[in-house]
Structure formats: structure tokens, C-alpha cells
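Some notes on the structure that comes next.
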Amino acid sequence: MLGHVRDLRAAAGQGKSGWQAAPQVARAARGGTLRLRRAFRFIRDLNIFPANRRVSMPRPASFLSWALAPALMLGLAGCELPSAAGDSEQPFTTPATANPNLPAPATEELAPLCPAPDPAQLAVLEQQINAERTRLGRSALTFRPELAVAAQAHACDMARMGRLGVAGSNGSSVVDRIRAVNYSACSSAQLIGQQGGATGQMAQWLAHKPDQEILVHNKFDDAGIGMVASGGRYWWSLVMADRCS
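If you count by full-length UniProt numbering, then the sequence shown holds residues 1 to 245, one letter each, in order.
Next up, the structure:
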């Protein structure tokens, strides 16, 4: 550290400009014994950059890479990414925006496009979802027909596209699809899957922590399930929501 300080003082004593002193600053920032801000504090105190002097020379690339890297590393070290769903006791929110120009799922003729869902499979999944929520002390979901329409429309859409995804083929989100069936949701979420029958799909959601947290989240009161059997596959869509009071 003292060596770097001597370098900076020597640069100042020799009347070097700020950019001429850049190697000394870079060594100070790179050496690990001086934080980047300390190096610039020394520059300020030593008056290497006079306040009345404008410097138009471009900064050397080596100075930027050596001096900024420690600052970037320090900044990134303080960041922490949130979990995908969060703890089930924490508030759960969704974007408030929706696209009013998208077609309403309720007006789509689903029957000619996809086979109707198997009522027995839907009943099994409904029972298993509420059994898991009850086991964890959560309230049971009420399965709403309007949310089932939104879920079924997306299950059909995924089957027609031949791929899983929460975005519809027309760019719709779960928020769009819920609003299109005239359900006023303050929060909402969607789970999708392609894991065989109801029992297999439930097991997959429970095995994936973010999905499991959404499935049992205490914010949600209502739900709707969509399921399409096509090409030897089951396409599942579960829409969960909290109605605004």
C-alpha cells in the first residue's frame, strides 16, 4: 500500500497530468491493497487533476480495464437474485399490463381444434392439488369455470404449437387470458406441463421447487385446469388467481 502511495505522490511531484499518472492509479486499483475509491481520493487530494484544467485526451483502454474491474466486481458481489416463486408466505404479484387487442379465449371455438379434456383426469388433479394445500395448512382452491376456459385455451394452443410455453401463439400472457374471460385478478400465475396423466403431472410440479411454491401459495383462492390429449401426450395448463374484492 505504501508503495502505491509513493507512486502517486511521485507522479504529483513530477507534475504529471492525470492520464500520465494512469499507470500508477491502475497499479493501486489492481494491487488489491487500495480500493478504487481510495486511489481516486489520493488523486483528488494530490491535485493531479486540477479543477481549472480540462483534459480532452481519451482514456487509455488499459486504465479502464484495470481500474473499473474491481469496482464492477464489488458491485456485483452485493447483488442477489430472487427465487422464481418466493416463499409461499410472501406476497405474489404479476404484471398489471395486458393486451386488450388479443382475442378472448372464451370466444375461440376450441372443440374443432382440440379434444375435450378428460373429466376424470381433471377431477384427480383437482383433488391432489387441494390435498397438498390442506396438508400444508393452506386454503383449498375453488375451481372456476372461467379460469378453466383460459387454461383449456392455452393447453390447446400448446398442443397445436407442439411445444410448452407460458406465452400464447398470439403473444398472450396468462394475464391477458384471465382478463379475456372477465375474471378480475389481483394476482395470478400459471403452471404448465407434459408429464403423462394427472398423478404424474402433480408429481412433477411438486418435485420442482418454484412450481411447488406456486401450487401451494396462500395468495391464490381460485384456479382452472386445462388438459389436451394429443399425439400420445398430455398438455397441461393450470391457471391460479386471486380475485380482486
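C-beta atoms are modelled at their ideal positions from N, C-alpha and C, and glycine is treated no differently.
{"Item": "In the DSSP assignment, find the unbroken alpha helix (DSSP H) run with residue 157 in it and report its ends.", "Value": "145-161"}
{"Item": "Might you give, ordered along the chain, the residues of its own chain that have their beta carbon closer than 7 Å to the beta carbon of residue 121, omitting 5 neighbours on each side?", "Value": "197, 198 and 227"}
{"Item": "Under the three-state reduction of DSSP, which class applies to residue 200: helix, strand or coil?", "Value": "helix"}
{"Item": "Between the alpha carbons of residue 124 and residue 131, how many angstroms are there, rounded?", "Value": "11 Å"}
{"Item": "Note down the Cα distance separating residue 191 from residue 202, rounded to an integer number of angstroms.", "Value": "11 Å"}
{"Item": "Which ranges would you report for the alpha helix (DSSP H) in the segment 170-196 if only whole runs of at least 4 residues count?", "Value": "174-180"}
{"Item": "Can you have a look at residue 158 and say buried or exposed, based on whether 16 or more other CB atoms are within 10 angstroms of its CB?", "Value": "buried"}
{"Item": "Express the C-alpha separation of residue 113 and residue 222 in angstroms, rounding to a whole number.", "Value": "26 Å"}
{"Item": "Just checking my contact of residue 188 with residue 174 at CB under 8 Å: how many whole Å lie between their CB atoms?", "Value": "6 Å"}
{"Item": "Would you decide whether residue 219 is buried or exposed? Buried here means 16 or more other CB atoms lie within 10 Å of its CB.", "Value": "buried"}
{"Item": "Mind checking who residue 139 pairs with in its DSSP beta bridge?", "Value": "Paired residue(s): none; residue 139 is not in a bridge."}
{"Item": "In whole angstroms, what is the alpha-carbon distance linking residue 168 and residue 154?", "Value": "7 Å"}
{"Item": "Whole-angstrom Cβ separation of residue 118 and residue 186, contact assumed at under 8 Å?", "Value": "The pair is not a contact, with the Cβ atoms about 31 Å apart (cut-off 8 Å)."}
{"Item": "Below 8 Å CB to CB, which residues in the same chain sit around residue 204 once its five sequence neighbours on both sides are set aside?", "Value": "193, 195 and 211"}
{"Item": "Within 10 Å of its beta-carbon, does residue 171 have 16 or more other beta-carbons around it, so buried, or fewer, so exposed?", "Value": "exposed"}
{"Item": "How many angstroms separate the CA atom of residue 209 from the CA atom of residue 163?", "Value": "22 Å"}
{"Item": "Within the continuous beta strand (DSSP E) that includes residue 211, where are the two ends?", "Value": "Looking at the DSSP string, residue 211 is not in any beta strand (DSSP E); the run it does join, the alpha helix (DSSP H), is 209-215."}
{"Item": "Can you tell me the Cα-Cα spacing of residue 151 and residue 244, whole angstroms?", "Value": "19 Å"}
{"Item": "From the DSSP output, read off the bridge partner residues of residue 239.", "Value": "190 and 224"}
{"Item": "Would you please state the rounded distance, in angstroms, between the beta carbons of residue 140 and residue 224? I believe it to be under 8 Å.", "Value": "Not confirmed; about 15 Å, so no contact."}
{"Item": "Using only alpha-carbon positions, find the residue among 216, 156, 214 and 166 that is nearest to residue 235.", "Value": "156"}
{"Item": "Which one of 233, 146, 217 and 181 has the shortest CA to CA distance from residue 160?", "Value": "233"}
{"Item": "Measure the alpha-carbon distance for residue 137 versus residue 128 and round it to whole angstroms.", "Value": "14 Å"}
{"Item": "Taking the alpha-carbon positions, what's the residue 116 to residue 146 distance?", "Value": "15 Å"}
{"Item": "Can you tell me which of the three DSSP states residue 167 falls into?", "Value": "coil"}
{"Item": "Can you name, in chain order, every residue of its own chain whose Cβ lies under 8 Å from the Cβ of residue 133, other than the five neighbours on each side?", "Value": "139, 140, 141, 215 and 216"}
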